[in-house]
Amino acid sequence: MFKHLLVPVDGSEHAARAVDVAGDLARHYGAKVTLLHVLTRAGGYQVPSELMAFEKIEHLRVTEHDIIEGAGQEILAKAEQRARDRGASDCATLLESGDPAGHIVRAAKSRGADLIVMGRRGLGDIGGLLLGSVTHKVSQAVDCCCLTVK
Ligand SMILES: Nc1ncnc2c1ncn2[C@@H]1O[C@H](COP(=O)(O)OP(=O)(O)OP(=O)(O)O)[C@@H](O)[C@H]1O
Ligand SMILES: [Mg+2]
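Written out as structure tokens, the structure is:
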């Protein structure tokens, strides 16, 4: 039924659970998985240790953009490994920068995804709210199916 799953990840536990579900579905349907991370200034990025070590050894100045981009790549690499561990064999990653909901909606359309699998909440995780703002916007704006994972 589903051929192409778009899985937006923000590095949260919620998104990691969405990756598990997406990996399982991909194996079941033989579907392709595209993992998408959108860089934002609000994402609580952790600088990858390799990057910090590299800066020290090479005496290089690493810009804030390099650090954030490295952290975004790391989020994607971990998510891809997790999806593959669940049995998704056809995985691609996509790194964008800007408004997460806008990029998710555009990527779903331009890449022809027929299912979006995302966390119900994300890094914000303010108690009491059922749905994060990115999930809320995406589920209202997309034409394809959208599965939110608790
Ligand atoms: N920057 C991002 N890049 C890719 N996917 C994202 C990004 N931010 C959120 N998502 C996706 O949306 C899901 C819900 O996150 P969302 O940001 O809506 O909730 P929140 O962080 O708890 O609340 P809010 O951001 O509104 O304070 C995440 O599990 C992830 O799948
Ligand atoms: Mg958020």
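Throughout the sequence shown, residue numbering follows numbering that gives the first Met the number 0, covering 0 to 149 in sequence.
Note that beta-carbon positions come from the ideal geometry of N, C-alpha and C, so glycine has one too.
Have a look at the options and flag the residue whose alpha-carbon is nearest the alpha-carbon of residue i.
i, options, result
"G123", "R83, A82, G101, V133", "V133"
"K2", "Q80, G71, G111, M117", "G111"
"K31", "V61, E79, T147, T62", "E79"
"G29", "R16, M0, S48", "M0"
"A140", "G10, L128, V104", "V104"
"I115", "H135, E49, K55", "H135"
"D113", "R26, A87, C144", "C144"
"D98", "R40, Q72, L130", "R40"
"H27", "G127, D89, I56, H102", "D89"
Quick one: measure Cβ to Cβ for residue i and residue j, integer angstroms, because I've assumed they're closer than 8 Å.
i, j, result
"A82", "A21", "6 Å"
"D142", "R85", "Their Cβ separation, rounded to whole angstroms, is 26 Å, which puts D142 and R85 out of contact at 8 Å."
"G118", "I74", "Rounded, the Cβ-Cβ distance is 13 Å, inconsistent with contact."
"A87", "A25", "4 Å"
Using the C-alpha atoms, what's the distance from residue j back to residue i?
i, j, result
"K149", "E68", "27 Å"
"V8", "G121", "9 Å"
"V6", "R60", "33 Å"
"H64", "K77", "20 Å"
"L50", "V137", "33 Å"
"A52", "H58", "10 Å"
"G71", "G131", "20 Å"
"L4", "E12", "19 Å"
So what does residue i bridge to, in DSSP terms?
i, result
"G118", "V148"
"L5", "T33, I115"
"T92", "L34"
Just checking, does the segment 33–41 make contact with the segment 89–96 on the three C-beta pairs under 8 Å criterion?
yes
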